[in-house]
Amino acid sequence: MKILIADDDKIGRLVLAKQLETWGHQVLQAVDGMEAFAIFQQEVPPLVITDWMMPKLDGPGLCSKIREEESDSDNLCFIILLTSKESSEDLAQGIQAGANDFITKPFEPLELQARLRNGEWILNLQAELKRKKEEAVQLSRTDALTQLMNRRAMLDTMRLDEDRMRRERRPLGLVMIDLDHFKAVNDNYGHNMGDTVLKGAAECFSSAIRGGDYVGRWGGEEFLIALPGADIIQCAEVAERCRNQLAAMRFTTEDGETIQVTASFGTASAEGADRVELLDLVEQADRALYWAKDSGRNRVKIYVASADPNLKQNPRG
Ligand SMILES: [Mg+2]
């Protein structure tokens, strides 16, 4: 473990460093609180052992600065204050400042070892908790069947990208996809086959998109691709590639029958000074998808405002 020790007493510091190194730890040394804090910022050691009385910045002061530095982080270091002070007011002050534990000077190796183990135990718990938290966030954003982003994750990510594209004055493109006659797959071959088709389609779209684009499961048999920076033509190209690759796939049923699945695609892109809001853009892609369904399925339609009857209620100029 990487351990930072701060002590203005040279002998005490070297004895401590030597002991820690004997146990296999990597030791960083500072002669006062300010130097310790500078090293802390640079190296972010998981464990700090600091003297109480030091010039420039004392132990409790160092604790406070470290805790302030860590305020946005899930990774809190374990701080042990070295002290010859033993009044309960002093200990309370140390804890208040952010110390986790104390060792009295001069330290007893056995006690030090026990306190280090305690620190490691806490640090491991903290790491485990962080991992579980990340796992839970990941699960809440992932569609269990296809492993794609779910609708919520797509919306969050697209909002960030729409803000970024707006700032950079670049377009944001969307491709809304709906598998054709998907209900018939479930009805004729069962829901397992339906799941197989959804997973296959997800893989197909994931492999057909460009780097920087992303695809999510939007609803039952609906998928959405976001294409930061793509104008409507680039969206249509990606959609057409997805359409082709899906249509070329063959799925084998439990009875050994081979089936083919197609999808319809609607594309829209927001650009220019009076670009539409994200949810309106989703709506436009959805409308283009409806046109694709309406004109025979297994095709790509691009959203054109002048072709949208819904906009007639809202004439311009
Ligand atoms: Mg001192």
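Position in the sequence shown counted from 1, then plus 352, gives you my numbering. Backbone N, C-alpha and C fix where the C-beta goes; we use that ideal spot for every residue, glycine too.
Boundaries of the beta strand (DSSP E) in which residue i is found, first to last residue
| i | result |
| --- | --- |
| Phe454 | 453-456 |
| Gln381 | 378-382 |
| Leu356 | 354-358 |
N-terminal and C-terminal residue of the alpha helix (DSSP H) that residue i is part of
| i | result |
| --- | --- |
| Glu574 | Note, Glu574: premise wrong, no alpha helix (DSSP H); beta strand (DSSP E) at 574-580. |
| Phe534 | 534-541 |
| Val396 | Looking at the DSSP string, Val396 is not in any alpha helix (DSSP H), and its letter there is neither H nor E. |
| Val590 | 584-600 |
| Met506 | 503-519 |
| Lys485 | 461-492 |
| Ala659 | Careful: Ala659 lies outside any alpha helix (DSSP H) and carries neither H nor E. |
| Ile363 | 362-374 |
| Cys415 | 411-421 |
| Val628 | Careful: Val628 lies outside any alpha helix (DSSP H) and carries neither H nor E. |
| Ile447 | 440-449 |
Residue i burial status per 10 Å Cβ neighbour count (16 or more: buried)
| i | result |
| --- | --- |
| Gly563 | exposed |
| Thr402 | buried |
| Ala492 | One point to set straight first is that residue 492 is Ser, not Ala, in the sequence displayed. Exposed: under 16 other Cβ atoms inside 10 Å. |
| Pro667 | At Pro667, the pLDDT of 41 sits below 50, so the modelled position is not reliable and the matter cannot be decided from this model. |
| Pro412 | buried |
| Lys485 | exposed |
| Thr498 | buried |
| Lys417 | buried |
| Leu372 | buried |
| Arg569 | buried |
| Gly471 | buried |
| Glu514 | buried |
| Ala553 | buried |
Residue(s) in a DSSP beta bridge with residue i
| i | result |
| --- | --- |
| Asp530 | Glu574, Ser616 |
| Phe389 | Phe389 is not bridged to any residue. |
| Tyr566 | Ala578 |
| Asp403 | Leu434 |
| Lys653 | Gly618 |
| Ile611 | Phe603 |
| Lys525 | It is Gly, not Lys, that sits at residue 525 in the sequence shown. Paired residues: Leu579, Ser621. |
Between the CA atoms of residue j and residue i - distance to the nearest angstrom
| i | j | result |
| --- | --- | --- |
| His377 | Thr494 | 40 Å |
| Asn650 | Lys482 | 45 Å |
| Arg595 | Glu480 | 43 Å |
| Asp646 | Ala640 | 10 Å |
| Glu487 | Leu512 | 22 Å |
| Ala560 | Leu598 | 10 Å |
| Asp607 | Asp583 | 44 Å |
| Ile357 | Gln478 | 22 Å |
| Gln586 | Glu574 | 21 Å |
| Gln465 | Lys370 | 13 Å |
| Arg503 | Asp565 | 15 Å |
| Asp410 | Asp632 | 57 Å |
| Arg365 | Asp359 | 6 Å |
| Gly669 | Leu579 | Only weak support is given to the placement of Gly669: the predicted model assigns it a pLDDT of 38, under 50, and the question is left unresolved by the model. |
| Met353 | Pro523 | 48 Å |
| Glu463 | Asn476 | 20 Å |
| Asp361 | Val489 | 46 Å |
| Gly450 | Thr374 | 28 Å |
| Phe389 | Met510 | 39 Å |
Do the segment 590-599 and the segment 521-531 touch if we need at least three Cβ pairs shorter than 8 Å?
yes
So does the segment 648-662 actually touch the segment 605-622, counting three or more Cβ pairs closer than 8 Å?
yes
Three or more C-beta pairs closer than 8 Å, one from the segment 426-437 and one from the segment 399-415: is that the case here?
yes
For the segment 436-446 against the segment 382-398, do three or more pairs of beta-carbon atoms, one drawn from each stretch, fall closer than 8 Å, so that the two count as touching?
no
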